[in-house]
Amino acid sequence: MNTNEKLSQARVSGFLRAKGREIVNGKGEPLLLSGWGLGNWLLCEGYMWRAGPRGDRPRKLEQVVRELAGGRYAEAFWPRFRENYIRREDILRMAELGYNSVRVPIGWRVLMEDEPGLRWREEGFRLLDRLLDWCQEAGIYAFLDLHGAPGGQTGTNIDDCVDDFPRLFTDRDSWDKAVALWGELARRYKDRWIVGGYDLLNEPLRPDDGRRPCQYLLPRLRDFYIEAIAEIRRHDQKHMLSIEGGSWATDPSVFCMDYDSNMVLHFHRYAVMPDIGAYREFLELSERWDKPLWLGESGENTPEWFAALYPLGAKLGVGYNVWPWKKMDCENSPYSVNMPKGWEKFTAYTSGGERPSYEEAQALLDEYLENILIENCLERPRVSASVRREPGCSVRATDFDEGGCLGFCRTDVVSGYRRGSGMKLLEPESLPEKRFGFDCRWDVFKLSLSPGEYAEYTFFAAKEGSSVAVEFGKGSDGQVEVFQDGRSLGTVSPGDGPLQLLPAAETVIRVAGGFGESLLERIIFE
Numbered sequence: 001m002n003t004n005e006k007l008s009q010a011r012v013s014g015f016l017r018a019k020g021r022e023i024v025n026g027k028g029e030p031l032l033l034s035g036w037g038l039g040n041w042l043l044c045e046g047y048m049w050r051a052g053p054r055g056d057r058p059r060k061l062e063q064v065v066r067e068l069a070g071g072r073y074a075e076a077f078w079p080r081f082r083e084n085y086i087r088r089e090d091i092l093r094m095a096e097l098g099y100n101s102v103r104v105p106i107g108w109r110v111l112m113e114d115e116p117g118l119r120w121r122e123e124g125f126r127l128l129d130r131l132l133d134w135c136q137e138a139g140i141y142a143f144l145d146l147h148g149a150p151g152g153q154t155g156t157n158i159d160d161c162v163d164d165f166p167r168l169f170t171d172r173d174s175w176d177k178a179v180a181l182w183g184e185l186a187r188r189y190k191d192r193w194i195v196g197g198y199d200l201l202n203e204p205l206r207p208d209d210g211r212r213p214c215q216y217l218l219p220r221l222r223d224f225y226i227e228a229i230a231e232i233r234r235h236d237q238k239h240m241l242s243i244e245g246g247s248w249a250t251d252p253s254v255f256c257m258d259y260d261s262n263m264v265l266h267f268h269r270y271a272v273m274p275d276i277g278a279y280r281e282f283l284e285l286s287e288r289w290d291k292p293l294w295l296g297e298s299g300e301n302t303p304e305w306f307a308a309l310y311p312l313g314a315k316l317g318v319g320y321n322v323w324p325w326k327k328m329d330c331e332n333s334p335y336s337v338n339m340p341k342g343w344e345k346f347t348a349y350t351s352g353g354e355r356p357s358y359e360e361a362q363a364l365l366d367e368y369l370e371n372i373l374i375e376n377c378l379e380r381p382r383v384s385a386s387v388r389r390e391p392g393c394s395v396r397a398t399d400f401d402e403g404g405c406l407g408f409c410r411t412d413v414v415s416g417y418r419r420g421s422g423m424k425l426l427e428p429e430s431l432p433e434k435r436f437g438f439d440c441r442w443d444v445f446k447l448s449l450s451p452g453e454y455a456e457y458t459f460f461a462a463k464e465g466s467s468v469a470v471e472f473g474k475g476s477d478g479q480v481e482v483f484q485d486g487r488s489l490g491t492v493s494p495g496d497g498p499l500q501l502l503p504a505a506e507t508v509i510r511v512a513g514g515f516g517e518s519l520l521e522r523i524i525f526e
């Protein structure tokens, strides 16, 4: 079966469920999740505002807006922000791009009062209700993600905790609120099939990194899952559950038991070498427990890194959700929010700088509210093209298909990237400095092809006029022959232009070594 069939929106039909190592829809058809996370909407993250330490999480951003713009303005600001940041147009656009799912990060204070007892905030549930209506209209599954649980489940800014410690697992009131919240979500949405599943906790239990230790709470994480699942199943026997491990959802230790018959093993990947090594540990876990996998959060890297990691996962039977759909002044989300003129005054204040006037701050925030509308954002088409390996992307030559190569090299690069492939990768004498926090510097390698060797690359949605080009490395004097699905397109030397392709839903490009040694940088698909 064509991988893109499983990724297709046509598979959005009825309740999702786990069937062995696959996710199937209401018709029993296999489906691979593909989509984006709605970061910064119902749980703000300061880095998406370019904010400093005083604005690194929702409760701090709320305080900053009050301080800068006044209490009355702040009270009106947040409903306007929720209205504008994610709208029907955003969800319809995701569908137009071909995605079949969206992950919805939720901060608990959007749905509950931060007060004694259980008091629901109906305005928060109305936002979810409306989003689900848009998703049903667009044909996109929505996964409800408790990104910020009462008390905090991670112990850092991303969960909106008060003191960088996951008090969900130590404070009884927080625990009870979180369990009750999942019960309420299940009660309200038990009959909404467009809800793809419930993601119980995002990235619980950060690593022990010099702050107050929290890894000792792993048994409490298991207990929480058991109790929350029991509460969900009191109301809802239909929806699939998504379970994450600790240490940024990379540690599989929590998967020591079968929590539910209808669950997916959920893991995250940032800053990793984008080859099969990024998946191997969880593929083994999937086989051991006979459960499907979901790469439920990943991203914040370059488009070429996306083109390496996500199509590989899909070929391995692992769906993905990329983070995030939009953020300020970026090149690696589908939409970039334009920075308001003078925004540096806002960001400087969040890092201890001078305070702008009330009037200046209100004007900045008013412009921000306009800029976050999708029609006012800058679209980055290369990002989605790279995730889906469609026209408009490029792939590093070293990111050939898993198993789609023939080489005679028996030594691996020091990093172990593409270990055991038999292909010769050339690495620099020393690694360059990191360009950004999640830079794994996988793209410093070149692929060497000699006569008799080849590398293959799968692309999707080739149309009339689509082309492929081979970019050679500096100093290369070799020649390669390029094939599309076994048909020779011709030979290519350094400096040659693109070759025209035949239309194809899925196509394999083979680059075969010809005269001399060819040093290849990337394959460009337009």
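The sequence shown maps to residues 1 to 526 in UniProt numbering. Heads up, the beta-carbon is just placed ideally off N, CA and C, and yes, glycines get one too. Remember, predicted model here, so these are calculated numbers, not experimental data.
Item: Could you spell out the range, first to last residue, of the beta strand (DSSP E) harbouring Thr458?; Value: Tyr454 to Ala462
Item: Is there contact here, the stretch 341-353 with the stretch 289-309, by at least three beta-carbon pairs under 8 angstroms?; Value: no
Item: Going by Cα to Cα distance, which pick from Arg88, Tyr457 and Glu521 is closest to Asp129?; Value: Arg88
Item: Between Leu502, Arg510, Pro498 and Thr491, which lies nearest to Gly516 when the distance is taken from Cα to Cα?; Value: Thr491
Item: Three-state secondary structure (DSSP) at Trp343?; Value: coil
Item: Rounded to whole angstroms, what's the CA-CA distance from Gly71 to Ile158? Just pull it up for me.; Value: 24 angstroms
Item: Excluding sequence positions up to five away, which residues of its chain have a Cβ less than 6 angstroms from the Cβ of Pro494?; Value: Phe472 and Ser476
Item: Looking at C-alpha atoms only, which residue of Val272, Phe255, Ser261 and Leu221 is the closest neighbour of residue 537?; Value: For the chain, the structure presents residues 1 to 526; residue 537 sits outside this window and is missing.
Item: Measuring alpha carbon to alpha carbon, tell me which residue in Val508, Arg388 and Ala455 is nearest Ser34.; Value: Arg388
Item: What are the start and end residues of each continuous beta strand (DSSP E) run of 3 or more residues lying completely inside the stretch 144-224, in chain order?; Value: 195-199
Item: For Ser13, which of helix, strand or coil comes out of DSSP?; Value: coil
Item: Going by other Cβ atoms of all chains shown within 10 Å of its Cβ, with 16 needed for buried, is Asn40 buried or exposed?; Value: buried
Item: For the 8 angstroms Cβ check, are there 3 or more pairs between the stretch 232-244 and the stretch 278-290?; Value: no
Item: Give me the residue from Ala74, Tyr198, Asp176 and Val468 with the minimum Cα distance to Pro116.; Value: Asp176
Item: Taking Cβ positions, are Val482 and Ile524 nearer each other than 8 angstroms?; Value: no
Item: Given that a residue counts as buried once 16 or more other Cβ atoms are within 10 Å of its Cβ, and exposed if not, what is Lys446?; Value: buried
Item: Express the C-alpha separation of Trp108 and Leu146 in angstroms, rounding to a whole number.; Value: 7 angstroms
Item: Of all the options Thr154, Leu205, Leu132 and Val162, which has the alpha carbon lying nearest to the alpha carbon of Arg188?; Value: Leu132
Item: Taking contact to mean at least 3 C-beta pairs separated by less than 8 angstroms, is the stretch 323-335 in contact with the stretch 407-419?; Value: no
Item: Going by DSSP, what residues sit across from Tyr417 in a beta bridge?; Value: In DSSP, Tyr417 forms no bridge with anything.
Item: DSSP on Phe81, reduced to helix/strand/coil?; Value: helix
Item: Just verifying my parser: in three-state terms, what is the DSSP assignment at Met273?; Value: coil
Item: In whole angstroms, what is the alpha-carbon distance linking Arg212 and Thr156?; Value: 11 angstroms
Item: Quick check on the burial criterion: 16 or more other C-beta atoms within 10 angstroms. Buried or exposed for Pro432?; Value: exposed
Item: Give me the residue from Ser8, Thr3 and Gly28 with the minimum Cα distance to Gly14.; Value: Gly28
Item: Using 8 angstroms for Cβ pairs, my map puts Gly513 next to Leu449. What's the rounded Cβ distance?; Value: 4 angstroms
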